[in-house]
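I have placed the structure first, in the form of structure tokens, so that the comments after it can refer back to it.
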């Protein structure tokens with residue numbers, strides 16, 4: 030990875046996400062870019078209706094103010110680590126937090142976007158939660174949502190829930206690049222309905238396909254049988270001692286499966302027990318492997 034883009038709303042839950050993003054940047058050797066997106070200032074923002082100096086430099090003042098606040102936030106959370114030269118701090122003006130993050134990620138060709146799962150207040154939780162869900166659908170790179178609860182900084186086991194589509198191969202190939210610096214195990218899991226048992230030869234064919242296109246030695250493939258995909262995955266993550274879960278977000282269900290639902294990634298993000306790495310299916314395909 031070259032650049033990790035971390036976006037904060039200064040909420041309590043985003044603090045752990047910053048520590049997580051920083052640790053990943055150190056482990057992978059990637060540059061860490063810390064950003065905060067704020068709305069355009071106006072003459073009346075927080076000032077009431079009163080005379081203002083002619084042609085005030087609202088844009089410049091706002092950028093300096095927000096950059097200082099962002100620097101203070103990073104210093105408080107990361108302590109002395111905040112002075113490391115591999116961290117870049119940027120305040121961004123945009124009418125949309127979502128657009129601001131996506132535009133910056135595209136401009137710097139970010140390898141990964143890291144955000145907190147929920148905000149501190151109910152209003153912030155609604156805004157940041159909504160932003161995270163829209164990021165998953167529209168970001169040009171994977172989105173890592175970090176819960177506010179304590180999580181391991183090191184990653185020993187990653188679990189990727191697959192629907193056995195070509196686009197899964199592209200996403201898993203990208204996942205191996207993230208797993209490699211951690212020497213993490215990747216467990217590939219697929220959930221089938223109870224009536225859809227896979228024969229031994231079919232499983233062997235699936236394993237051969239994965240190993241043909243995915244060059245990563247520490248990889249396993251498991252198939253579960255359940256009519257409740259969401260709960261089956263929760264149990265599997267717990268039993269596997271997963272440190273990170275990864276999924277491919279599809280705008281529509283896979284043709285070959287009726288089990289994976291359109292909003293499954295969003296439900297897992299709401300579950301919020303361990304970090305969730307989301308890949309946008311529109312960015313991946315067989316040609317990514």
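In the working numbering, the protein residues as written are 30 to 318.
C-beta: ideal position from N, C-alpha, C; glycine also.
From a predicted model like this one, the values you see are computed outputs, not experimental measurements.
The region 88-98 contacting the region 120-128, beta-carbon criterion three pairs below 8 Å: Because the criterion of three Cβ pairs below 8 Å is met, the region 88-98 and the region 120-128 touch.
Taking the alpha-carbon of residue 142 as reference, which of 279, 255 and 31 has the nearest alpha-carbon? The residue with the shortest Cα to Cα distance from residue 142 is 31.
CB of residue 36 within 8 Å of CB of residue 180, strictly: Between residue 36 and residue 180, the CB-CB gap reaches or exceeds 8 Å.
Look up residue 124 in the DSSP assignment and say whether it is helix, strand or coil. Reduced to three states, the DSSP call for residue 124 is coil.
Take the Cβ of residue 309 as the centre, count every other Cβ of all protein chains shown within 10 Å, and call the residue buried at 16 or more, exposed below. Result: buried.
Can you grab the Cα-Cα spacing for the pair residue 103 / residue 58, in whole Å? Distance between the alpha carbons of residue 103 and residue 58: 19 Å.
Residue 312 Cβ short of 7 Å to the ligand SAM heavy atom set: This structure lacks the ligand SAM; in fact it carries no ligand of any kind.
C-alpha distance - residue 241 paired with residue 140, whole-angstrom precision: If I take the Cα positions, the gap works out to 24 Å.
Using 8 Å as the threshold, is the C-beta distance between residue 223 and residue 254 below it? Their beta carbons are under 8 Å apart, which means residue 223 touches residue 254 by this criterion.
Tell me, which residues are paired with residue 145 by DSSP? Beta-bridge pairing links residue 145 to 175.
Put residue 106 into one of helix, strand or coil per three-state DSSP. Reduced to three states, the DSSP call for residue 106 is helix.
Alpha-carbon to alpha-carbon, residue 207 and residue 273: When rounded, the distance between both Cα atoms is 11 Å.
Per DSSP, the bridge partner or partners of residue 64: For residue 64, which the question treats as bridged, DSSP gives the partners 36 and 119.
Which of the three DSSP states, helix, strand or coil, is assigned to residue 307? Strand.
Please list the terminal residues of the continuous alpha helix (DSSP H) segment that includes residue 55. Unbroken alpha helix (DSSP H) run through residue 55: 41-57.
Short of 6 Å in beta carbon distance, which residues of its chain neighbour residue 200, apart from the five on each side in sequence? Order them along the chain. Excluding residues within five positions, the ones whose Cβ falls inside 6 Å are 277, 308 and 313.
Tell me, please, which residues DSSP counts as bridged to residue 275. 189 and 306.
List the whole-angstrom C-beta distance separating residue 304 from residue 39, where the pair is believed to meet the contact cut-off of C-beta under 8 Å. Wrong, their Cβ atoms sit about 20 Å apart, outside the cutoff.
So within the region 207-273, which uninterrupted beta strand (DSSP E) runs reach at least 3 residues, ignoring any that extend past its ends? Taking only runs of at least 3 residues, the beta strand (DSSP E) segments lying wholly in the region 207-273 are 214-221 and 248-254.
Residue 129 classed as buried or exposed, judged by whether at least 16 other C-beta atoms fall within 10 angstroms: Classification of residue 129: buried, given that the 10 Å Cβ count is 16 or more.
Quick check: residue 210 and residue 56, are their CB atoms within less than 8 Å of each other? Yes, Cβ-Cβ distance for residue 210 and residue 56 is below 8 Å.
Got a sec? Which residues, its chain only, sit under 7 Å from residue 146 by beta carbon, not counting five neighbours each side? 42, 161, 174, 175, 176, 177, 298 and 301.
Through-space distance from residue 237 to residue 53, alpha-carbon basis: Rounded to whole angstroms, the gap between the alpha carbons of residue 53 and residue 237 is 31 Å.
My understanding is that residue 62 touches residue 97, with C-beta atoms under 8 Å, so please give their C-beta distance in whole angstroms. No, residue 62 and residue 97 are not in contact; Cβ-Cβ is about 17 Å, not under 8 Å.
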